[in-house]
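Undergrad: The following block contains the structure, expressed as structure tokens.
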Amino acid sequence: MAYRRTPAVQARLDAQAGLIVQAATKVLAESGYAGMSMAAVAAEAGVATGTVYKNFAGKADLVTAVFRKVVAGEVAAVVAASATGTAVERVSAAVETFAGRALKNPKLAYVLLVEPVDTVVDTERLHFRRAFAEAFESAVADGVSRGELPAQDARTSAAALVGAIGEVLVGPLAAAPHGESVVPELITFALRALGVRAAPSGAVARQESGVSDADA
Numbered sequence: 001m002a003y004r005r006t007p008a009v010q011a012r013l014d015a016q017a018g019l020i021v022q023a024a025t026k027v028l029a030e031s032g033y034a035g036m037s038m039a040a041v042a043a044e045a046g047v048a049t050g051t052v053y054k055n056f057a058g059k060a061d062l063v064t065a066v067f068r069k070v071v072a073g074e075v076a077a078v079v080a081a082s083a084t085g086t087a088v089e090r091v092s093a094a095v096e097t098f099a100g101r102a103l104k105n106p107k108l109a110y111v112l113l114v115e116p117v118d119t120v121v122d123t124e125r126l127h128f129r130r131a132f133a134e135a136f137e138s139a140v141a142d143g144v145s146r147g148e149l150p151a152q153d154a155r156t157s158a159a160a161l162v163g164a165i166g167e168v169l170v171g172p173l174a175a176a177p178h179g180e181s182v183v184p185e186l187i188t189f190a191l192r193a194l195g196v197r198a199a200p201s202g203a204v205a206r207q208e209s210g211v212s213d214a215d216a
């Protein structure tokens, strides 16, 4: 009879794997993909290196698991932040959440977005980009259908936004002491790219003061 793991044993193994993934995430955030080793992950997790290999076939397998866990959480945050509102509000929230969270951990964001990795991890990166693009695509498609955005292919626009934002996040601005200051610029860029027309100069100030264009 083939051996079957009991629920208790499986739960223990799952918890151990989760601990290793958490440790690998921290090592990646500190050292990047090139600087990460299975031994370093083992030390961070407080387990033997052999234990890491019992759970993951190698570095690429482990980092793939990290990608899936981290990306799932990041995508969920973007989707939740951009779930309601006008097209401008939803896209702005998506960009702010995506970029803002990445800038809080630029080293890990660099790993997720562009650092040279093994082929299997790079394949996972494509899934990661697509998942974020789908979050943007929903807001763009809804804006087009409601007449808040000009006609366009929502999938293409969303993919372009994710690519452009990602490029900025791993550049010099993301490494600046006050990297968060790039977020408003990214929001402005995203809205312009989608065809949102900027309000005339002074219009916002007049609206906030309660003075209409007719009154002016």
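FYI, UniProt numbering numbers position 19 of the sequence shown as 19, with every residue one higher than the one before it. Where is the CB? At the ideal position from N, CA and C, for every residue including glycine.
Are the CB atoms of V21 and residue 223 within a distance shorter than 8 angstroms?
TA: Past the boundaries of the shown model lies residue 223; the chain is included only from 1 to 216, so the question cannot be answered.
Undergrad: Within its chain, find whatever has a CB closer than 6 angstroms to the CB of L19; leave out the 5 residues flanking it on each side and keep chain order.
TA: What you label residue 19 is simply residue 19 of the sequence shown in a count that begins at 1. These residues qualify, in order along the chain: A45.
Undergrad: Cutting at 6 angstroms between CB atoms, please list the residues of its own chain near Y110, excluding the five before and the five after it.
TA: By one-based count along the sequence shown, residue 110 stands at place 110. Cβ within range, chain order: V170.
Undergrad: State the Cα-Cα distance for the pair A133 and A17, rounded to the nearest angstrom.
TA: Residue mapping note: residue 133 aligns to position 133 of the sequence shown, counting from 1. Residue mapping note: residue 17 aligns to position 17 of the sequence shown, counting from 1. C-alpha separation (whole angstroms): 29 angstroms.
Undergrad: Give the C-beta separation of R192 and V162 to the nearest angstrom, bearing in mind that I take them to be a contact with Cβ-Cβ under 8 angstroms.
TA: Locating residue 192 in the sequence shown gives position 192, counting from the first residue. Locating residue 162 in the sequence shown gives position 162, counting from the first residue. Incorrect: roughly 16 angstroms between the Cβ atoms, too far for contact.
Undergrad: So is R197 buried or exposed if we call it buried at 16+ other beta carbons inside 10 Å?
TA: Residue 197 sits at position 197 when you count from the first residue of the sequence shown. Classification for R197: exposed.
Undergrad: Three or more beta-carbon pairs under 8 angstroms between the stretch 152-159 and the stretch 62-78, yes or no?
TA: Counting Cβ pairs under 8 angstroms, fewer than three are found: no touch.
Undergrad: How many angstroms separate the CA atom of V183 from the CA atom of S82?
TA: As a working mapping, residue 183 is identified with position 183 in the sequence shown. As a working mapping, residue 82 is identified with position 82 in the sequence shown. Distance between the alpha carbons of V183 and S82: 16 angstroms.
Undergrad: Roughly how many angstroms separate the alpha carbons of D142 and P150, rounded to a whole number?
TA: Within the sequence shown, numbered from 1, the residue matching residue 142 stands at position 142. Within the sequence shown, numbered from 1, the residue matching residue 150 stands at position 150. Distance between the alpha carbons of D142 and P150 is about 11 angstroms.
Undergrad: Look up D61 in the DSSP assignment and say whether it is helix, strand or coil.
TA: On the sequence shown, residue 61 is found 61 positions in, with the first residue counted as 1. Of the three classes helix, strand and coil, the one that applies to D61 here is helix, per DSSP.
Undergrad: Do E89 and I187 have their beta-carbon atoms positioned less than 8 angstroms apart in this structure?
TA: For this step, residue 187 is matched to residue 187 along the sequence shown. For this step, residue 89 is matched to residue 89 along the sequence shown. The answer is no: Cβ separation not under 8 angstroms.
Undergrad: Of the residues K26, A34, P116, A99, which one's Cα is nearest the Cα of A190?
TA: Walking along the sequence shown from the start, residue 190 turns up at place 190. Of the listed residues, the one whose Cα sits closest to A190 is A99.
Undergrad: Work out the CA separation of F136 and E30 for me, nearest whole Å.
TA: Within the sequence shown, residue 30 is the residue found at index 30, counting from 1. Within the sequence shown, residue 136 is the residue found at index 136, counting from 1. Going by the C-alpha atoms only, they are around 29 angstroms apart.
Undergrad: Going by beta carbon distance, what residues of the same chain come within less than 8 angstroms of S92, once the five residues before and after it are set aside?
TA: The residue you call residue 92 lines up with position 92 of the sequence shown. For S92, where only same-chain residues beyond five positions count, the Cβ hits under 8 angstroms are I187, A190, L191.
Undergrad: Taking C-beta to C-beta, are A39 and T49 nearer than 8 angstroms?
TA: The residue labelled residue 39 in the question sits at position 39 within the sequence shown. The residue labelled residue 49 in the question sits at position 49 within the sequence shown. Their beta carbons are under 8 angstroms apart, which means A39 touches T49 by this criterion.
Undergrad: Please confirm whether V117 and Y53 have their CB atoms less than 8 angstroms apart.
TA: Here residue 117 refers to the residue found at position 117 of the sequence shown. Here residue 53 refers to the residue found at position 53 of the sequence shown. No, Cβ-Cβ distance for V117 and Y53 is not below 8 angstroms.
Undergrad: To the nearest angstrom, report how far apart S37 and I165 are at their CA atoms.
TA: Position 37 of the sequence shown, counted from the first residue, corresponds to residue 37. Position 165 of the sequence shown, counted from the first residue, corresponds to residue 165. One C-alpha to the other measures close to 29 angstroms.
Undergrad: How about L108 and L28: do their beta carbons lie closer than 8 angstroms?
TA: Working through the sequence shown from its first residue, we reach residue 108 at position 108. Working through the sequence shown from its first residue, we reach residue 28 at position 28. For L108 and L28, yes; Cβs fall inside 8 angstroms.
Undergrad: Counting C-beta neighbours from all protein chains within 10 Å, is the total for V78 16 or more, i.e. buried, or is it exposed?
TA: The sequence position of residue 78 within the sequence shown is 78, counting from 1. By the neighbour-count rule (16 or more Cβ atoms within 10 Å), V78 is buried.
Undergrad: Tell me whether A8 is buried or exposed, calling it buried when 16 or more other Cβ atoms sit within 10 Å of its Cβ.
TA: Taking the sequence shown and counting its residues from 1, one reaches residue 8 at position 8. Answer is exposed; the Cβ neighbour count stays below 16.
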